[in-house]
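Asker: Residue numbers (this note's numbering): 1 to 202.
(1) Which ranges would you report for the alpha helix (DSSP H) in the stretch 27 to 79 if only whole runs of at least 4 residues count?
(2) Is residue 164 near residue 130, with beta carbons less than 8 angstroms apart?
(3) With respect to 7 angstroms, is the separation between the Cβ of residue 159 and the closest non-hydrogen atom of the ligand GTP below this value?
(4) If you check the beta carbons only, do residue 123 and residue 77 fall under 8 angstroms apart?
(5) Taking a contact to mean a Cβ-Cβ separation below 8 angstroms, would you say residue 118 touches residue 162 in this structure?
(6) Assuming contact is defined by CB atoms lying nearer than 8 angstroms, are residue 145 and residue 128 in contact in what I supplied?
(7) Rounded to the nearest angstrom, what separates residue 113 and residue 50 at their Cα positions?
(8) Please work out which residues of its chain come closer than 6 angstroms, Cβ to Cβ, to residue 157, disregarding the five sequence neighbours upstream and downstream, and give them in chain order.
(9) Assign residue 183 to one of three DSSP states: helix, strand, or coil.
(10) With distances taken Cα to Cα, identify the nearest neighbour of residue 61 among 132, 32 and 80.
(11) Let me know the secondary structure DSSP gives residue 20 once reduced to three states.
(12) Alpha carbon to alpha carbon, what distance is there between residue 167 and residue 111?
(13) Given this structure, state the Cα-to-Cα distance separating residue 41 from residue 121, to the nearest angstrom.
(14) Look up residue 168 in the DSSP assignment and say whether it is helix, strand or coil.
(15) Going straight from the alpha carbon of residue 45 to that of residue 81, what length do you get?
(16) Alpha carbon to alpha carbon, how far is residue 65 from residue 182? Give it in angstroms, no decimals.
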């Protein structure tokens with residue numbers, strides 16, 4: 001919604017141009033990045049992936065083919081965190097009335113709600129993934145971070161469903177309308193079938 005407001009409401013950029021630019025950013029850039037990194041590691045005789053894990057190589061910080069994946073993800077995560085901060089700041093400013101102070105409790109609830117909703121949608125849980133690379137693999141903290149990252153990301157789809165669909169009042173109303181329409185249609189067809197059967201028996 002933030003991107004929609006910034007691009008289509010406050011800018012005259014057409015939808016076709018936006019889709020073209022989005023296709024370049026979403027498809028062309030990743031293909032170029034993967035192709036360039038693969039060719040670099042192939043011609044420098046460095047391992048591009050590990051056969052045991054079937055995944056990119058991570059030797060140490062800023063060394064290894066893993067960074068061809070981590071750097072774009074990090075850019076996206078930082079952008080999403082920035083957007084979330086903008087939303088929270090805007091919410092706080094809008095909740096402050098003129099000539100008075102806002103209710104701190106209500107403001108805190110609003111901020112908490114925004115963070116709960118936007119965290120899974122924006123993939124902020126990936127911060128734990130980056131923190132995992134900086135923790136010593138021998139320390140107990142590494143195990144805690146690994147399990148936290150895996151568990152949170154495994155439930156990310158469910159959290160997006162809950163926060164993006166079930167938590168939205170308009171979505172709930174439309175779902176209820178759809179369910180009620182189907183149930184009414186089924187009950188109506190059942191009544192017609194019963195009436196037809198009763199008439200034939202007569």
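Note that CB positions come from ideal geometry on N, CA and C, so glycine has one too.
Answerer: Quick answer:
(1) 29 to 43
(2) no
(3) This structure lacks the ligand GTP; in fact it carries no ligand of any kind.
(4) yes
(5) no
(6) yes
(7) 41 angstroms
(8) none
(9) helix
(10) 132
(11) helix
(12) 15 angstroms
(13) 34 angstroms
(14) coil
(15) 37 angstroms
(16) 52 angstroms
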